[in-house]
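Since the structure comes first, as structure tokens, the remarks are kept for the end.
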Amino acid sequence: MSKTGSSGGLSSWFEEKIEEWSDQAYDSETDEELCQISSKQRRKEIKKERFLAQSEKTITTVLGAVTSIVAMIYFSKYLWNKYPTP
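Quick note on numbering: the sequence shown equals residues 73 to 158 in the numbering used here.
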């Protein structure tokens, strides 16, 4: 082997290592970003779940109130028809 061949092999080894290390650094950054993204997504999901639970509670309350009002109206109509005022 000549000197240029061995130095060429050495430089290619360094190039491979540099590329490998930069890939690892990029992967670790990407993993961190993915963790942040997934935690952001989880926070969004939790907010969405809380909003839906609150909405469900509100809708149930409103429907209960409307049902009660409608029932009172029909009951008062029933009483009005059964016992009319003179």
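From the three backbone atoms N, C-alpha and C, an ideal C-beta is built for every residue, glycine too.
The C-alpha of glutamate 105 is placed about 53 Å away from the C-alpha of isoleucine 141. One alpha carbon belongs to arginine 115, the other to phenylalanine 86, and they sit about 43 Å apart.
Tyrosine 155 and isoleucine 145 have their alpha carbons spaced roughly 15 Å apart. Cα atoms of alanine 125 and tryptophan 93: separation of roughly 47 Å, rounded to the nearest angstrom.
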